[in-house]
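Have a look at the structure below, then the notes.
In UniProt numbering, the protein residues as written are 1 to 245.
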């Protein structure tokens, strides 16, 4: 376990870069460019290195988030995730990393950076608190902040707390960004695994408004009968799944 510097983390991580992994990682970037570059380090090595540096000071984690390299930012959010998952992490530290995440969200600018950290860094922290920050994020002008709003509810879903997942999905239902639409579909699908009837109620009310991307993700795990029902009726007159029984 290391408590050293961001520069040491970067140096250690950079030793794993390869041309093959560079090509693979470029495919994941939401908005590649000179401020969003790739080193070429595979995910497994990033996570392994982040775990070693999980005691890195918050000020050093911020330095990692400021990097133009995607893998270094992935390392930063992975460190935050490891801290949040640790049962020994106290409440003040959880608030610290929650605040850090939101303050520097502009650097958490790819869908998988959000998915790697939001459920525990944001969702776990808010589990026994007001969910208002998620609704504020859902109304953000920035797509990745809106994605954080829905992805953070993964932690709530784990415990059968589904209200905010469906509530935020409803707010985001006409979101123009595909990365947000995919998240809507994926997370209401996960909520449906806990309570299928609540998913049916949501789809009965909103399937005609959902994008095809979101709808296909939402019904992916349903039986063929219900899947065909929603995919077929999303563009026709409103019906209800209960009519199928």
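Glycine residues also receive a C-beta, built at the ideal position from the N, C-alpha and C atoms.
Leaving aside the five residues before and after residue i along the sequence, list all residues of the same chain whose C-beta is less than 7 Å from its C-beta, in chain order.
{"i": "residue 147", "result": "111, 114, 179, 180 and 183"}
{"i": "residue 85", "result": "120"}
{"i": "residue 143", "result": "177, 179 and 180"}
{"i": "residue 248", "result": "Because the chain spans 1 through 245 in this model, residue 248 falls outside it and cannot be assessed."}
{"i": "residue 47", "result": "78"}
{"i": "residue 63", "result": "6"}
Identify every residue that forms a DSSP beta bridge with residue i.
{"i": "residue 69", "result": "37"}
Spatial neighbours of residue i within its chain, please: CB distance less than 6 Å, with the 5 preceding and 5 following residues excluded, ordered by chain position.
{"i": "residue 5", "result": "60"}
{"i": "residue 22", "result": "38 and 40"}
{"i": "residue 18", "result": "40"}
Any idea if residue i is buried or exposed, counting beta-carbon neighbours within 10 angstroms, 16 or more meaning buried?
{"i": "residue 128", "result": "exposed"}
{"i": "residue 124", "result": "buried"}
{"i": "residue 66", "result": "exposed"}
{"i": "residue 57", "result": "exposed"}
{"i": "residue 99", "result": "exposed"}
{"i": "residue 154", "result": "buried"}
{"i": "residue 237", "result": "Low per-residue confidence applies at residue 237: pLDDT is 49, beneath 50, and the placement is therefore not dependable, though the value from the model is reported in the following sentence. Exposed, since its Cβ has fewer than 16 Cβ neighbours within 10 Å."}
{"i": "residue 117", "result": "buried"}
{"i": "residue 25", "result": "buried"}
{"i": "residue 76", "result": "buried"}
{"i": "residue 152", "result": "buried"}
{"i": "residue 49", "result": "buried"}
{"i": "residue 101", "result": "buried"}
Which residues bound the alpha helix (DSSP H) around residue i?
{"i": "residue 4", "result": "It is not in any alpha helix (DSSP H) - residue 4 carries neither H nor E in the DSSP assignment."}
{"i": "residue 151", "result": "143 to 151"}
{"i": "residue 133", "result": "132 to 138"}
{"i": "residue 213", "result": "212 to 219"}
{"i": "residue 233", "result": "224 to 233"}
{"i": "residue 94", "result": "91 to 103"}
{"i": "residue 206", "result": "196 to 206"}
{"i": "residue 246", "result": "There is no way to answer for residue 246, as the model of the chain reaches only from 1 to 245."}
{"i": "residue 22", "result": "19 to 26"}
Figure out for me which residue from the options has the closest Cα to the Cα of residue i.
{"i": "residue 175", "options": "35, 161 and 150", "result": "150"}
{"i": "residue 132", "options": "107, 108 and 167", "result": "167"}
{"i": "residue 138", "options": "225, 130 and 169", "result": "169"}
{"i": "residue 200", "options": "26, 188 and 87", "result": "188"}
{"i": "residue 109", "options": "70, 134 and 96", "result": "70"}
Cβ of residue i versus every heavy atom of the ligand ADP: is any distance shorter than 6 Å?
{"i": "residue 157", "result": "No copy of the ligand ADP occurs in the structure displayed, which carries no ligand at all."}
Going along the chain, which residues of its own chain have a beta-carbon closer than 8 Å to the beta-carbon of residue i, five neighbours each way excluded?
{"i": "residue 195", "result": "160 and 162"}
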